[in-house]
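Protein chains: 2
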Amino acid sequence: MPSIAPTLSDVAKLAGVSEITVSRVVRNKGPISRATRSRVLAAIEALDYVPNRAAGSLASASAPLIGVLLPSLSNIVFPEVLRGIHVGLESTGYQPLIGVTDYDPLVEQHIVSSLLAWQPAALIMTGVDHTETTRKMLANHRVRVAELMDIDAEPIGIAVGLSHRKAGYDTGRHLIGRGYRRFGYVGHDWDADRRARLRYDGLCTALAEAGMTLVAERRNPGPSSTLAGKETLKALLQDEPGLDVVVFSNDDMAVGGYFHCLAAGIAVKDELGLFGFNGLSIGQDLPTPLSTVRSNRFLIGKTAVERLLDIAGTSDNRTIIDTGYEIVEGATA
Amino acid sequence: MPSIAPTLSDVAKLAGVSEITVSRVVRNKGPISRATRSRVLAAIEALDYVPNRAAGSLASASAPLIGVLLPSLSNIVFPEVLRGIHVGLESTGYQPLIGVTDYDPLVEQHIVSSLLAWQPAALIMTGVDHTETTRKMLANHRVRVAELMDIDAEPIGIAVGLSHRKAGYDTGRHLIGRGYRRFGYVGHDWDADRRARLRYDGLCTALAEAGMTLVAERRNPGPSSTLAGKETLKALLQDEPGLDVVVFSNDDMAVGGYFHCLAAGIAVKDELGLFGFNGLSIGQDLPTPLSTVRSNRFLIGKTAVERLLDIAGTSDNRTIIDTGYEIVEGATA
DNA sequence: CTGTTAGCGCATTCAT
DNA sequence: ATGAATGCGCTAACAG
Numbered sequence: 004m005p006s007i008a009p010t011l012s013d014v015a016k017l018a019g020v021s022e023i024t025v026s027r028v029v030r031n032k033g034p035i036s037r038a039t040r041s042r043v044l045a046a047i048e049a050l051d052y053v054p055n056r057a058a059g060s061l062a063s064a065s066a067p068l069i070g071v072l073l074p075s076l077s078n079i080v081f082p083e084v085l086r087g088i089h090v091g092l093e094s095t096g097y098q099p100l101i102g103v104t105d106y107d108p109l110v111e112q113h114i115v116s117s118l119l120a121w122q123p124a125a126l127i128m129t130g131v132d133h134t135e136t137t138r139k140m141l142a143n144h145r146v147r148v149a150e151l152m153d154i155d156a157e158p159i160g161i162a163v164g165l166s167h168r169k170a171g172y173d174t175g176r177h178l179i180g181r182g183y184r185r186f187g188y189v190g191h192d193w194d195a196d197r198r199a200r201l202r203y204d205g206l207c208t209a210l211a212e213a214g215m216t217l218v219a220e221r222r223n224p225g226p227s228s229t230l231a232g233k234e235t236l237k238a239l240l241q242d243e244p245g246l247d248v249v250v251f252s253n254d255d256m257a258v259g260g261y262f263h264c265l266a267a268g269i270a271v272k273d274e275l276g277l278f279g280f281n282g283l284s285i286g287q288d289l290p291t292p293l294s295t296v297r298s299n300r301f302l303i304g305k306t307a308v309e310r311l312l313d314i315a316g317t318s319d320n321r322t323i324i325d326t327g328y329e330i331v332e333g334a335t336a
Numbered sequence: 004m005p006s007i008a009p010t011l012s013d014v015a016k017l018a019g020v021s022e023i024t025v026s027r028v029v030r031n032k033g034p035i036s037r038a039t040r041s042r043v044l045a046a047i048e049a050l051d052y053v054p055n056r057a058a059g060s061l062a063s064a065s066a067p068l069i070g071v072l073l074p075s076l077s078n079i080v081f082p083e084v085l086r087g088i089h090v091g092l093e094s095t096g097y098q099p100l101i102g103v104t105d106y107d108p109l110v111e112q113h114i115v116s117s118l119l120a121w122q123p124a125a126l127i128m129t130g131v132d133h134t135e136t137t138r139k140m141l142a143n144h145r146v147r148v149a150e151l152m153d154i155d156a157e158p159i160g161i162a163v164g165l166s167h168r169k170a171g172y173d174t175g176r177h178l179i180g181r182g183y184r185r186f187g188y189v190g191h192d193w194d195a196d197r198r199a200r201l202r203y204d205g206l207c208t209a210l211a212e213a214g215m216t217l218v219a220e221r222r223n224p225g226p227s228s229t230l231a232g233k234e235t236l237k238a239l240l241q242d243e244p245g246l247d248v249v250v251f252s253n254d255d256m257a258v259g260g261y262f263h264c265l266a267a268g269i270a271v272k273d274e275l276g277l278f279g280f281n282g283l284s285i286g287q288d289l290p291t292p293l294s295t296v297r298s299n300r301f302l303i304g305k306t307a308v309e310r311l312l313d314i315a316g317t318s319d320n321r322t323i324i325d326t327g328y329e330i331v332e333g334a335t336a
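These protein sequence lines are chains A and B, in that order.
Going by the working numbering, the first sequence opens with residue 4, and the numbers climb by one from there.
Going by the working numbering, the second sequence opens with residue 4, and the numbers climb by one from there.
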């Protein structure tokens, strides 16, 4: 086998047709007779021909790539979204080109710029915080754009996710319905996590409607983690021992809270209710399954891809797709 | 702003130089006088020029891309490796193009083929199980290759990881040294996870050297998970109640085992020791930190990238890089 | 230090 | 249903 890769022209020669015919067979586009198609396919097989993507992209001014911008890979939530994207992309011929923004719109802007240099078919971004320059670039390139997770804002293209404000509100209603009255809140850094704040706002609205407020709250600077949840709950309970339920900014934090209760001998649910957000499997595998809200991360990624590929031709499709959420009763609240 | 992106030629005109000069400035390659460089940079700035990667890749027969093949995104370990890769790639101009093999060498083969179509600078693969066709493709394309995680085999290019056999062996020695005598093993599916099996082999070797064998063992079909660990430990203890320590195939499984002990009222360590593998943060955040082996996933990804970019020019660099591991004493064994 | 020439491999457009 | 001509935007290999 030659160390130089075969090209369209090699295949064409072997099959006794023109290059463009081979190209049509490869892309499955345009009318081709059954006879020539099979001759070409045989030649492709014989030579182990693989199309050169750079050449194809240059000629067509568009690449079978989907740019994916994630804020972080440390939080299990985003690999799960990525998994959904992957499954949605399966056998479409598109490949994901990924970038990590570290929750910084300026970093995001640079990544968008370098992703656009590949002329991707679409861009999948997380959240709704973008710089003006980013928005301008996206408009100029006429790339299809999906914004994931958050649907509480005006989208650039399509938005796929859930209303975090509503999820927070429903959390409040649910817990009030179960008889809880003295609410505490344990959270993490809001500056990077707009959605956690929306949930908090929704929760407070529900409490206010019922004539209550949070009895105590505490937010740990830095990202969410089991450790942060553990320590922050401990601190909160020192401030204010008389709570009957604590809502956490997400499951990571809540699992930490659960571990604190175990270590401190606090009877979860009877003595203190715990409530999370996301529905991570670690929470559901605890000896006492965590009460929480399932956020369907996988579905968000998968749905986004499917919609983006659907609207191939169309222009200006501002759409909001609500993938919803479900309250997971669990056994901690 | 025009909706058509500026090209090298536009920049060249504005700066009053030839295209190739602009190209040299952009790529920071070849000698350029300070004066022209700044004129060109000004023109680039003025036009918001972004190089077209497809064109560049076609002309140079190589793209600033690194293909990354991961077996799965469900297991937290691989996103962590990916994070290392990302950090290693930061500000190098390379971008990761990722594929997920689902632990299937044939799927891997297809992905390798479609990744190579982009002419990536290098390929990062996980593990050492590849089809003959895959090996042939890699040889023909003269791509730099790194195989991650596993260094107990002859590498294609560079291998970055740790000796899982040795880690298993040291686990055995460590636990024997702490006085444990009646060993149990709880594992998951081996067919997909060669490394788990190597650790098991190492463990058995250590036991044999001390004149012991596993008293009981049980492997759950399917991937590792907290749930699997929980249920499998339960089943194992029903078979054989007289164990004093159980080694798990990894931390996910071990955390599940820990949860079972909590629920069943088994005193961890005093009554039954638990030992994992990986050193995941969830294990360390338990009320009782898990005894385990830290496997440095982040470092593996980062190191692989750094080495791959190092050996840019060189050819045929078969190297094994041992990122090591550390026994984490913890409090469960 | 800078420029000229010549393609890279493919898809688009227009023929036939 | 198939083909010819042309160029996408950039870089390698040489000049000078």
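Backbone N, C-alpha and C fix where the C-beta goes; we use that ideal spot for every residue, glycine too.
Sequence-distant partners of E22/A (beyond 5 residues in either direction) whose C-beta falls short of 7 angstroms from its own C-beta, in its chain, are L11, S12, A15. Counting of Cβ neighbours within 10 angstroms places L109/B among the exposed residues, the total staying below 16. Neighbours of D288/A in chain B, taken as residues whose beta carbon is under 7 angstroms from its own, are T229, L230, K233, G259, F262 in chain order.
Taking 9 angstroms as the threshold, the shortest C-beta distance from H177/A to chain B does not fall below it. Nearest CB-CB separation between N223/A and chain B: not below the 9 angstroms threshold.
With distances taken between CA atoms, F278/B lies nearest to G190/B out of E212/B, L141/B, G190/B, F301/B. Contact note: H89/B reaches chain A through L76, I101, G102, V103, using a C-beta cutoff of 9 angstroms and chain order.
Under the 8 angstroms Cβ criterion, the stretch 177-185 of chain A counts as touching the stretch 243-254 of chain A, having at least three qualifying pairs.
Taking the Cβ atoms as the reference, W121/B lies roughly 7 angstroms from A57/A, within the contact range of under 8 angstroms. Of V115/A, S294/A, H263/A, the smallest CA-CA separation from L289/B is found for H263/A. If you check each beta-carbon in the stretch 46-58 of chain A against every beta-carbon of chain B, the ones closer than 7 angstroms belong to V53, P54, N55, R56, A57, A58.
A direct Cα-to-Cα measurement between G282/A and S252/B gives close to 25 angstroms. Here N31/B is exposed: its Cβ has fewer than 16 other Cβ atoms, across all protein chains shown, within 10 Å. Under DSSP, N281/A forms a beta bridge with R297/A. Chain-order list of chain B residues neighbouring R86/A: L76, S77, by C-beta distance under 7 angstroms. For the stretch 271-301 of chain B, residues whose beta-carbon sits nearer than 9 angstroms to a beta-carbon of chain A comprise S284, I285, Q287, D288, L289, P290, T291. For S116/B, the chain A residues whose C-beta falls within less than 9 angstroms of its own C-beta are D51, V53, listed in chain order. The beta carbon of P82/A falls within 9 angstroms of a beta carbon belonging to chain B, placing the residue at that interface. Residue contact check for Q112/B against chain A: no CB pair falls below 9 angstroms. Boundaries of the alpha helix (DSSP H) around R202/B: 197-212.
Where Y172/A is concerned, the enclosing alpha helix (DSSP H) starts and stops at 167-180. Using a CB distance cut-off of 9 angstroms, H191/B does not count as an interface residue toward chain A. By the neighbour-count criterion, in which a residue is buried when 16 or more other Cβ atoms sit within 10 angstroms of its Cβ, S36/A is exposed. Beta bridge pairing from DSSP links M128/B with E150/B. Taking A195/B as the centre and dropping the five residues before and after it, the same chain places the C-beta of P74, Y106, P226 closer than 8 angstroms to its C-beta, in chain order. In the DSSP secondary-structure assignment, V250/A is bridged to Y188/A, F278/A. Per DSSP, the beta-bridge partners of Q98/B are L68/B.
In the three-state reduction of the DSSP assignment, G260/A falls in the helix class. Sorting N143/A, T134/A, H133/A, V103/A by C-alpha distance to the C-alpha of L119/A places N143/A at the top. Residues of chain B whose Cβ lies closer than 7 angstroms to the Cβ of S12/A do not exist; the shortest such Cβ separation is about 15 angstroms.
Of all alpha-carbon atoms in N55/B, L68/B, G70/B, the one lying nearest the alpha-carbon of S63/A is that of N55/B. From the listed residues V163/A, L240/A, G205/A, the smallest Cα separation to V308/A is found for V163/A.
Taking a C-beta distance under 9 angstroms as the contact criterion, S284/B and T235/A do not qualify as a contact pair. Contact residues of the stretch 57-73 of chain A toward chain B are A57, A58, S60, L61, A66 (C-beta to C-beta distance below 7 angstroms). In the three-state scheme derived from DSSP, where H, G and I count as helix and E and B as strand, E220/A is classed as strand.
Between L265/A and chain B, the shortest Cβ-Cβ separation is below 9 angstroms.
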